[in-house]
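Quick note on numbering: numbering that gives the first Met the number 0 labels position 33 of the sequence shown as 32, and the sequence is numbered without any gaps.
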Amino acid sequence: MGKKADIRRLADNEAEASIKALRISPRKLNLVAESIRGMKAEAALAELTFSNKRISQDVKKLLESAIANAENNHQLDVDRLYIKEASVGKAFVMKRWRARARGRVGKIIKPFSNIRIVVCEREEAK
Numbered sequence: 000m001g002k003k004a005d006i007r008r009l010a011d012n013e014a015e016a017s018i019k020a021l022r023i024s025p026r027k028l029n030l031v032a033e034s035i036r037g038m039k040a041e042a043a044l045a046e047l048t049f050s051n052k053r054i055s056q057d058v059k060k061l062l063e064s065a066i067a068n069a070e071n072n073h074q075l076d077v078d079r080l081y082i083k084e085a086s087v088g089k090a091f092v093m094k095r096w097r098a099r100a101r102g103r104v105g106k107i108i109k110p111f112s113n114i115r116i117v118v119c120e121r122e123e124a125k
């Protein structure tokens with residue numbers, strides 16, 4: 000009697016994971032996402048492990064989640080996974096203000112971002 004299952008948007012050899020409302024601007028998050036696009040999954044994990052960016056640890060957790068989804072939910076081979084897509088989007092912005100001199104206001108903008116990673120299994124070379 001429950002709901003019907005949604006149609007799978009990804010191909011059979013793909014898996015995804017996403018995070019919503021990460022406290023960082025989309026522009027800064029995209030720098031990290033850009034550095035791993037198209038890489039093999041294990042190389043991307045190494046890249047994120049030794050990255051100096053603060054947000055790279057959250058992106059690494061997300062990538063590990065996408066790999067786990069591929070392995071456990073879709074029975075894909077972990078050794079043949081690569082990052083097919085790493086898309087970053089704008090979530091929302093918290094607006095704050097700070098009192099400044101002469102009765103004026105300084106605007107403080109605290110942006111949030113969404114990120115989605117799709118991993119895909121490479122076809123075997125024949």
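From the three backbone atoms N, C-alpha and C, an ideal C-beta is built for every residue, glycine too. Computed from a prediction, not measured in an experiment: that's the story for all the values here.
Those residues which DSSP pairs with residue i across a bridge
{"i": "L30", "result": "None; L30 has no bridge partner."}
Rounded straight-line distance, which links the Cα of residue j to that of residue i
{"i": "S64", "j": "L44", "result": "12 Å"}
{"i": "W96", "j": "L21", "result": "21 Å"}
{"i": "L61", "j": "G105", "result": "35 Å"}
{"i": "D5", "j": "A98", "result": "50 Å"}
{"i": "E46", "j": "D57", "result": "13 Å"}
{"i": "V118", "j": "K27", "result": "22 Å"}
Cut-off 6 Å between Cβ atoms - residues of its own chain near residue i, not counting five sequence neighbours on either side
{"i": "K52", "result": "V31"}
Residue from the options whose Cα sits closest to the Cα of residue i
{"i": "R121", "options": "R103, G105, L75", "result": "L75"}
{"i": "I18", "options": "F49, E123, V118, I114", "result": "I114"}
{"i": "R7", "options": "S112, H73, K106", "result": "H73"}
{"i": "E41", "options": "Y81, A85, V87, I108", "result": "Y81"}
{"i": "V77", "options": "S86, E84, A67", "result": "A67"}
Buried or exposed by the 16-neighbour rule on C-beta atoms within 10 Å, applied to residue i
{"i": "E15", "result": "buried"}
Proximal residues to residue i (C-beta, below 7 Å), its chain only, five neighbours per side dropped
{"i": "F91", "result": "F111"}
{"i": "R36", "result": "I82, A85"}
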